[in-house]
Amino acid sequence: MSQRKPHNVRNEAMILSKLSHVNIVEIKSAFYHAQQDIYELHMPYIDLPLTAILSHPHFSALPFPSYLQSPPLNPFSGIELSKTHASLTRSIMFQVLSALAYIHGQNPPIAHRDINPGNILLTRNGTAKLVDFGIAWDPGLEPCSIVGEDGTPGFDWEEDPEDMCGQVATGPYRAPELMYSPKVYDACSTDLWSTGVMMASFYTPIHLDLDDDDISSSDSSDNNHATPGSTTPGYVIPSGLQEIPHQANWRRDTIFDATRGEIALLWSIFRVMGTPSTASWPDFPGHQEGSLIRFRDAERQPLAPLLPHLPIDVSEPTPLKMIEAFLAYPPAQRLTATQALRHSWFTDEGPVLLPVGYPVDPEITGLQPAYQLEGKNLEDILSSLVRTQERLVNEKMEPRDEWD
Numbered sequence: 001m002s003q004r005k006p007h008n009v010r011n012e013a014m015i016l017s018k019l020s021h022v023n024i025v026e027i028k029s030a031f032y033h034a035q036q037d038i039y040e041l042h043m044p045y046i047d048l049p050l051t052a053i054l055s056h057p058h059f060s061a062l063p064f065p066s067y068l069q070s071p072p073l074n075p076f077s078g079i080e081l082s083k084t085h086a087s088l089t090r091s092i093m094f095q096v097l098s099a100l101a102y103i104h105g106q107n108p109p110i111a112h113r114d115i116n117p118g119n120i121l122l123t124r125n126g127t128a129k130l131v132d133f134g135i136a137w138d139p140g141l142e143p144c145s146i147v148g149e150d151g152t153p154g155f156d157w158e159e160d161p162e163d164m165c166g167q168v169a170t171g172p173y174r175a176p177e178l179m180y181s182p183k184v185y186d187a188c189s190t191d192l193w194s195t196g197v198m199m200a201s202f203y204t205p206i207h208l209d210l211d212d213d214d215i216s217s218s219d220s221s222d223n224n225h226a227t228p229g230s231t232t233p234g235y236v237i238p239s240g241l242q243e244i245p246h247q248a249n250w251r252r253d254t255i256f257d258a259t260r261g262e263i264a265l266l267w268s269i270f271r272v273m274g275t276p277s278t279a280s281w282p283d284f285p286g287h288q289e290g291s292l293i294r295f296r297d298a299e300r301q302p303l304a305p306l307l308p309h310l311p312i313d314v315s316e317p318t319p320l321k322m323i324e325a326f327l328a329y330p331p332a333q334r335l336t337a338t339q340a341l342r343h344s345w346f347t348d349e350g351p352v353l354l355p356v357g358y359p360v361d362p363e364i365t366g367l368q369p370a371y372q373l374e375g376k377n378l379e380d381i382l383s384s385l386v387r388t389q390e391r392l393v394n395e396k397m398e399p400r401d402e403w404d
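Each residue of the sequence shown is one higher than the one before, counting from 1 in full-length UniProt numbering.
Now the structure itself:
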């Protein structure tokens with residue numbers, strides 16, 4: 001069957017078949033139907049994406065705007081919102097980083113190349129699963145046959161290490177080096193950049209979108225992303241609104257803006273992180289002679305004003321330091337997943353809430369696992385969230401039998 005490079009269902013099946021980790025989706029079987037020219041992969045049904053959590057209006061370190069007459073029901077009754085936000089964020093990020101450390105630690109390393117909230121699913125007990133390895137990079141992948149194929153094992157097409165595909169990752173999660181269509185790049189480092197952008201989305205503003213054209217919205221297309229140097233509100237509510245209508249829809253910002261294409265995405269990165277110089281990124285593709293795109297110099301801006309949902313009860317917001325370490329120039333300087341698992345945000349800020357029975361690596365010194373937050377485990381917290389956001393869930397996803 002015809003597939004857009006580098007997406008390859010066949011390669012995805014082969015990669016998943018050799019991986020085994022609690023935070024990576026398990027492939028049960030794979031078949032090729034010759035008559036229809038279709039590959040069929042069987043995996044467990046997991047129906048709660050991270051996007052559903054990020055878009056929840058009470059997944060916040062801040063109190064909900066008091067002037068609204070009908071705020072959405074708080075699903076985390078009995079638990080302070082900021083505690084729930086901090087605990088869920090640390091839990092999910094720890095599990096995602098565990099999956100990344102595992103695949104990046106393979107010999108040779110495997111890169112996912114599409115880290116974003118839509119590719120992180122949560123099981124009933126709160127286990128995060130990294131899914132969709134359709135554009136993953138595995139230079140050690142060996143050709144093999146899948147049940148139903150007839151012929152010599154091989155590849156639909158082979159991505160050469162000296163001619164890699166740069167059209168990978170999703171929108172605002174793309175690393176800046178990818179926008180220059182490099183033939184050779186560090187695929188694992190692009191995962192780390194994407195992880196930093198995704199982690200920032202736990203702390204970006206929450207927008208209320210309306211379908212009602214009669215109510216003017218303060219988050220027009222020119223204001224979807226905050227201006228560096230300005231103070232960003234935690235909630236962006238259409239002007240004049242005092243009551244939340246039924247058709248309201250909540251969403252999270254991304255820290256960078258991909259709505260206007262690659263060049264605009266690059267500029268949205270540079271105006272926050274600074275335009276790369278020969279000192280900060282010596283081999284940046286934009287420095288090469290003959291480069292058709294030149295950006296004006298922009299100084300690096302502090303990230304904290306763009307992330308209003310950062311913890312407010314600590315003098316040193318260590319999650320911010322981790323985000324900054326992922327969004328580093330040049331790629332080789334980015335915090336690795338293994339290093340991140342030993343970051344003080346996990347080891348020095350109290351127990352990390354994990355799914356019951358989660359296997360903790362004993363080599364991560366200082367990590368204190370916990371399986372309840374004020375009497376509620378991850379399954380309790382997530383099921384409460386799903387129930388109170390039933391309308392949002394039903395509109396955006398398939399029926400959630402697992403959560404009934």
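Yeah, the Cβ is synthetic: ideal placement off N, Cα and C, and Gly gets one too. The structure displayed is predicted, hence computed values, not measured ones.
Query                                                                                              : Result
Residues near proline 355 by beta carbon distance below 6 Å, same chain, minus five either side    : Asn125, Gly126, Thr127 and Leu378
Own chain, CB closer than 6 Å to histidine 343, minus 5 neighbours either side, in chain order     : Met322
Beta-carbon proximity list for threonine 6, same chain, < 7 Å, skipping 5 on both sides            : Reading off the sequence shown, one finds proline at residue 6, where the question assumed threonine. Cβ neighbours of proline 6 beyond the five flanking positions: Ile135, Glu159, Cys165 and Val168.
Helix, strand or coil at isoleucine 381 [DSSP, three-state]                                        : helix
Cross-strand partners of tryptophan 39 (DSSP beta bridge)                                          : It should be noted that the sequence gives tyrosine, not tryptophan, for residue 39. Tyr32, per the DSSP bridge assignment.
Cα-Cα separation, leucine 122 to lysine 28                                                         : 18 Å
Residue from Phe64, Ala86, Trp137 and Ile79 whose Cα sits closest to the Cα of leucine 100         : Trp137
Span of the alpha helix (DSSP H), counted from its first residue to its last, around aspartate 209 : Counting along the chain, aspartate 209 falls outside any alpha helix (DSSP H), though it belongs to the beta strand (DSSP E) covering 206 to 209.
Exposure of threonine 232, with buried meaning 16 or more beta-carbon neighbours within 10 Å       : buried
Residues near threonine 365 by beta carbon distance below 8 Å, same chain, minus five either side  : Arg342 and Thr347
Whether asparagine 107 touches serine 194 by CB criterion (8 Å)                                    : no
Strand pairing of aspartate 348, partner residues [DSSP]                                           : Paired residues: none, contrary to the question.
C-alpha distance - histidine 21 paired with alanine 175, whole-angstrom precision                  : 26 Å
C-beta atoms of isoleucine 146 and isoleucine 15 nearer than 8 Å                                   : no
Sub-8 Å separation of glycine 274 and glutamate 299 beta-carbons                                   : yes
Residue range of the beta strand (DSSP E) that includes tryptophan 267                             : Looking at the DSSP string, tryptophan 267 is not in any beta strand (DSSP E); the run it does join, the alpha helix (DSSP H), is 262 to 273.
Minimum C-alpha distance to tyrosine 39 - residue among Ser383, Arg10 and Asn23                    : Arg10
8 Å CB neighbourhood of threonine 254 in its chain, flanking five on each side removed             : Gly171, Pro172, Tyr173, Val197, Ala200, Ser201, Thr204 and His225
8 Å Cβ cutoff met for proline 285 and proline 182                                                  : yes
Residue range of the alpha helix (DSSP H) that includes alanine 99                                 : 81 to 104
Secondary structure of aspartate 163, DSSP reduced to three states                                 : strand
Asparagine 8 and leucine 130 closer than 8 Å at C-beta                                             : no
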